[in-house]
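Top to bottom, those sequences are chains A and B.
First residue of the first sequence? That's 1 in our numbering, and the numbers climb one at a time after it.
First residue of the second sequence? That's 354 in our numbering, and the numbers climb one at a time after it.
We treat Cβ as the ideally placed atom computed from N, Cα and C, and that holds for glycine.
Computed from a predicted structure; not experimentally measured.
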Amino acid sequence: MSDASSSILDLQQISQAYGSQLVVKDLSLTLEAGEIGCLLGASGCGKTTVLRTVAGFEPLLQGEIRIAGEIVSRPGEMLPPAKRRIGMVFQDYALFPHLSVFDNVAFGLRGTGRVELLRRTNEALELVGLYAEHKKYPHEISGGQQQRVALARAIAPRPALLLMDEPFSNLDVSLRERLSMEVRDILKENGTTSLFVTHNQHEAFAVADRIGVMAGGEILQWDSAHNLYHQPVSPQVAKFVGEGELIAGQISGRGELTTALGTLCGELNDARPVGSAVQLLVRPEDIVHDDESSLKAEVLRRSFRGASILYHLLLQNGDRVQALVPSHCDHQPGEKIGIQPDVRHLVTFPVYV
Amino acid sequence: MNSLSKQLWPWRILTVVILFLIAASLWAATKRIDYTWRWNRVPQYFAYNAETFEKIPFDGRVLIINRLGDTTSVELESESGEKLTLVVETPSLRVSEGEELFADDSIGSNSEWKAGPLTMGMLMTLWLSAVASFFGLIIGLVTGLCRVSKNPTLRSLSIFYVELIRGTPLLVQIFIFYFFLGTVLDIGRIVAGISALAIFAGAYVAEIIRAGIQSVPKGQTEAARSLGMSATQNMVHIVLPQALKRVLPPLAGQFISLIKDSSLVSVIAITDLTKSGREVITSTFATFEIWFTVALLYLLLTSVLSQLIAWVERRLAVSD
């Protein structure tokens, strides 16, 4: 746990329930100033509930939430959203349809002086590159522009913490990728500490510094994108983040593992004694297609992805792996193809019998 | 577009034919009962030319007649030497210079156009409806806000009011306002009538406003709250502007109903359009003509209002 005084957001063992249904269990996380955090999980995992609780829209059952050192939520006590110094970008943007783009962005600046309001509104609009559209109404601009207006509106009052609920889910794929990178640049340029939730790992990877993989109301792993992918702490995280399969293996020496793919050497994250049975995570890029290889696998399914084809393969012992192969190597289900393992991180998990 | 209008014209003709048949059968039915239509009696009840006779108040004689074009001034002198000048319209002049007159002899007359009972009744209906709509809107707005309030007492009271008003007939409410409240609180029939209409309309407006407020997505409130707005600021700046725009069509319907419902206050002897119609019938016996005319006048009032609201709606639709 980091020092609570320097962190902008600090969730201490929070729990949250709808009726008797516990939706967030004993969850803790902290965000330092300027950091972008993300809660990643399937729908219904409780990620949006966490965000809404931080925003002050939902009461807290247990635990404590601090924003910039100040306690904003604890059981039976709730600072209203208006007093939390947060900004929020909603999934459907919730722009005010009866106000122009300028008035939308200026809305959170009511009460600051006229000159200051003008300056900061224009600043926010310039930051998101929408100054030219300031006279239009929300229905007159595109979805991507609406998204950026929502962002400008949320950051114009300079909140201590920016919250974003599935900010890119209403955009089409190409726009989503471009905007997610743009948003990261804007937040980093502005130094805005942010927490967002998404079910899309590409968004999480593109935008966040730290990602919490959530399932069943708990954070399974709170880590950087690289570590989530390469050093998942549990099979659940491994399966949720990226693709791949778990195959059976046995520790056969220091950094050595015997599997249906042969004996693999590499960095082993496991300190169990030699002879222990483990599960090994094999990512699609860990399997290289090689016609010369003596190791054969049967093609079960294939999914064409343009530049590459993802093959689902059956090994001789019944284990399954996936292989990402350049798409000119065209094989049909039922064919046997030669493969070569290229596993560098030996990520293993214990076998539960 | 062109082919569509080609397909439509036979239907238009059919519509006209059906309407014509209905009118013709009504006409045939009235023929059978031998009713004499006297439409010529109707216009005078909209406006009429009132003639007032100028009379000499004493015994005396005409001194000088001075023609000033359309009007003529007549100087009169009494036997005791008292002088008086009267002005009458030139064509109506009945005396000549030097003529001897007795008291109350008429010299001539002046005429003036006056609004007839139907016009006055329509103005009364318009006035009643406008005032009742205004207060009905205010009552409805306040009640609607109470209805969505967090305070349980405000909520229960507003539900009680709405159920009470919606569950009883307007005619009975008008009688209660006039006979009971009118007596207890010593208020006149106009105030009683307007209050009954306003409170009746208020209950329906409240439900419309409530539905409007609840139709504004919750996200709008959350967005405003997260931007530092209090609950009241959120209601005034975000929710109500959007809600009122949405409820304009049902509100218009409510006010159009109010114009029609205002005919019920004729039972407490307020001379609105309906009561004027009844009064005119007693002096003309042109029962059919007058009721048709009264209906047409109500139709005029309601269609002007609905056109007005449609115009406002188009203006507001700009930010959709």
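Could you give the DSSP three-state label for A/Arg85: helix, strand or coil? Sequence index remark: in the first sequence, residue 85 of chain A carries index 85 (1-based). The answer is coil: DSSP assigns A/Arg85 none of H, G, I, E or B.
Residues near A/Val299 by beta carbon distance below 7 Å, same chain, minus five either side: Residue numbering aside, residue 299 of chain A sits at position 299 when the first sequence is read from its first letter. For A/Val299, same chain residues with a beta-carbon under 7 Å away, outside a window of 5 residues either side, are Tyr311, Leu313, His331, Gln332, Pro333, Gly334, Glu335, Ile337 in chain order.
What does B/Gln567 touch in chain A if you count any residue whose Cβ is under 7 Å from its own? As a position in the second sequence, residue 567 of chain B is number 214, starting the count at 1. The contacting residues do not exist; B/Gln567 stays about 16 Å from chain A at best.
Please list the segments of the alpha helix (DSSP H) lying wholly inside the segment 74–140 of chain A, counting only runs of 4 or more residues, in order along the chain. As far as the segment 74–140 of chain A is concerned, its whole alpha helix (DSSP H) runs of at least 4 residues are 101–106, 114–127.
May I ask you to verify whether the segment 337–349 of chain A touches the segment 266–275 of chain A, counting CB pairs closer than 8 Å and requiring at least 3? The segment 337–349 of chain A vs the segment 266–275 of chain A: in contact.
Mind checking whether B/Gly474 and B/Asp614 have CB atoms under 8 Å apart? Indexing the second sequence from 1 puts residue 474 of chain B at position 121. Indexing the second sequence from 1 puts residue 614 of chain B at position 261. No, the Cβ-Cβ distance between B/Gly474 and B/Asp614 is not below 8 Å.
Alpha carbon to alpha carbon, how far is A/Tyr352 from A/Ala277? Give it in angstroms, no decimals. As a working note, residue 277 of chain A is residue 277 in the first sequence. As a working note, residue 352 of chain A is residue 352 in the first sequence. Annotation: A/Ala277 to A/Tyr352 spans about 10 Å, alpha carbon to alpha carbon.
Please classify B/Arg667 as buried or exposed, where buried requires at least 16 other C-beta atoms within 10 Å of its C-beta. Residue mapping note: residue 667 of chain B aligns to position 314 of the second sequence, counting from 1. By the neighbour-count rule (16 or more Cβ atoms within 10 Å), B/Arg667 is not buried but exposed.
Best match in A/Pro273, A/His202, A/Leu195 for proximity to A/Cys38 [C-alpha to C-alpha]: On the first sequence, position 38 is the one that residue 38 of chain A refers to. Comparing Cα positions, the closest option is A/Leu195.
Go ahead and pull the three-state DSSP assignment for A/Val347. Mapped onto the first sequence, residue 347 of chain A falls at position 347. The answer is coil: DSSP assigns A/Val347 none of H, G, I, E or B.
Close Cβ partners of B/Ser482 (< 8 Å) along its chain, the five nearest in sequence each way excluded: The count along the second sequence starts at 1 and reaches residue 482 of chain B at position 129. Within the same chain, Cβ atoms closer than 8 Å to the Cβ of B/Ser482 are found at Leu550, Phe608, Leu611, Ile612, Ser615, Leu654, the five residues on either side in sequence being excluded.
Listed in chain order, which residues of the segment 133–151 of chain A have Cβ atoms closer than 8 Å to some Cβ of chain B? Result list: Tyr137, His139.
Secondary structure of B/Met354, DSSP reduced to three states: Numbered from its first residue, the second sequence carries residue 354 of chain B at position 1. The pLDDT assigned to B/Met354 is 49, lower than 50, so where the model puts this residue is not dependable; a value taken from the coordinates is nonetheless given after this. If DSSP states are grouped into helix, strand and coil, B/Met354 belongs with coil.
Could you name the residues of the same chain whose beta carbon sits closer than 8 Å to that of A/Pro364, not counting the 5 residues immediately before and after it, in chain order? Outside the shown range of chain A, which is 1 to 353, sits residue 364 of chain A, and nothing can be said about it.
Please check if any C-beta of chain A sits within less than 8 Å of the C-beta of B/Ser659. Taking the second sequence and counting its residues from 1, the one referred to as residue 659 of chain B is at position 306. B/Ser659 does not count as touching chain A.
Kindly indicate which three-state DSSP category A/His312 falls into: helix, strand or coil? The residue given as residue 312 of chain A occupies position 312 in the first sequence. Residue state, collapsed to three classes: strand.
Neighbourhood of B/Cys499 by C-beta distance below 6 Å, restricted to the same chain and skipping five residues each side: As a position in the second sequence, residue 499 of chain B is number 146, starting the count at 1. Around B/Cys499, the same chain offers Leu507, Ser511 as residues with beta carbons nearer than 6 Å, after the five sequence neighbours per side are excluded.
Could you give the distance in angstroms between the alpha-carbon of A/Leu95 and the alpha-carbon of B/Gln397? Locating residue 95 of chain A in the first sequence gives position 95, where the first residue counts as 1. Locating residue 397 of chain B in the second sequence gives position 44, where the first residue counts as 1. A/Leu95 and B/Gln397: Cα-Cα distance of roughly 59 Å.
Can you tell me where the alpha helix (DSSP H) holding B/Gly606 begins and where it ends? Taking the first residue of the second sequence as position 1, residue 606 of chain B is located at position 253. For B/Gly606, the enclosing alpha helix (DSSP H) covers residues 593–614.
Outcome for B/Val370 when other beta-carbon atoms lying within 10 angstroms are tallied against a minimum of 16: Counting from one through the second sequence, the residue named residue 370 of chain B turns up at place 17. Label assigned to B/Val370: exposed.
Segments assigned beta strand (DSSP E), at least 3 residues, entirely inside the segment 141–173 of chain A: Note on the segment 141–173 of chain A: whole beta strand (DSSP E) runs with a minimum of 3 residues are 161–165, in chain order.
Start and end of the alpha helix (DSSP H) containing B/Ser509? To locate residue 509 of chain B, count along the second sequence from 1; it is residue 156. Under the DSSP assignment, B/Ser509 falls in the alpha helix (DSSP H) whose first and last residues are 505–519.
Check whether the segment 433–448 of chain B touches the segment 405–420 of chain B, counting contact only when three or more Cβ pairs, one atom from each stretch, lie closer than 8 Å. Between the segment 433–448 of chain B and the segment 405–420 of chain B there are three or more inter-stretch CB-CB distances shorter than 8 Å, so the stretches are counted as touching.
Please list, in chain order, the chain B residues whose beta carbon lies closer than 7 Å to that of A/Ala55. The count along the first sequence starts at 1 and reaches residue 55 of chain A at position 55. By Cβ distance, chain B contributes Ser579.
So which of A/Tyr18, A/Ala33, A/Thr53 has the shortest CA-CA distance to A/Gln12? Looking up residue 12 of chain A in the first sequence gives position 12. Of A/Tyr18, A/Ala33, A/Thr53, the smallest CA-CA separation from A/Gln12 is found for A/Thr53.
Is A/Phe90 close to chain B, meaning its C-beta is less than 8 Å from at least one C-beta of that chain? Residue mapping note: residue 90 of chain A aligns to position 90 of the first sequence, counting from 1. At least one C-beta of chain B is nearer than 8 Å to the C-beta of A/Phe90.
Can you find a CB in chain B that lies within less than 8 Å of the CB of A/Arg97? Taking the first residue of the first sequence as 1, we reach residue 97 of chain A at position 97. A small correction: the amino acid at residue 97 of chain A is Pro; Arg does not occupy that position in the sequence shown. Chain B, which has a Cβ nearer than 8 Å to the Cβ of A/Pro97, makes this yes.
Is it true that the CB of A/Glu35 sits closer than 8 Å to the CB of A/Asp209? Against the first sequence, residue 209 of chain A aligns to sequence position 209. Against the first sequence, residue 35 of chain A aligns to sequence position 35. Closer than 8 Å, so yes.
On the DSSP letters alone, give me the boundaries of the beta strand (DSSP E) that A/Leu29 sits inside. In the first sequence, the residue the question calls residue 29 of chain A occupies position 29. Counting along the chain, A/Leu29 sits inside the beta strand (DSSP E) bounded by residues 21–32.
For B/Ser583, return the contacting residues in chain A, with the cut-off set at a CB-CB distance below 9 Å. Walking along the second sequence from the start, residue 583 of chain B turns up at place 230. Below the 9 Å Cβ cutoff, chain A contributes Pro80, Ala82 as neighbours of B/Ser583, in chain order.
In its own chain, which residues sit with a C-beta less than 7 Å from the C-beta of A/Cys265, not counting the 5 before and 5 after it? What you label residue 265 of chain A is simply residue 265 of the first sequence in a count that begins at 1. Around A/Cys265: Gly255, Glu256.
Any Cβ of chain B within less than 8 Å of the Cβ of A/Phe107? The residue you call residue 107 of chain A lines up with position 107 of the first sequence. Chain B, which has a Cβ nearer than 8 Å to the Cβ of A/Phe107, makes this yes.
Hey, how far is the Cα of B/Val441 from the Cα of B/Val415? In the second sequence, residue 441 of chain B corresponds to position 88, counting from 1. In the second sequence, residue 415 of chain B corresponds to position 62, counting from 1. Taking the straight line from one Cα to the other gives about 14 Å.
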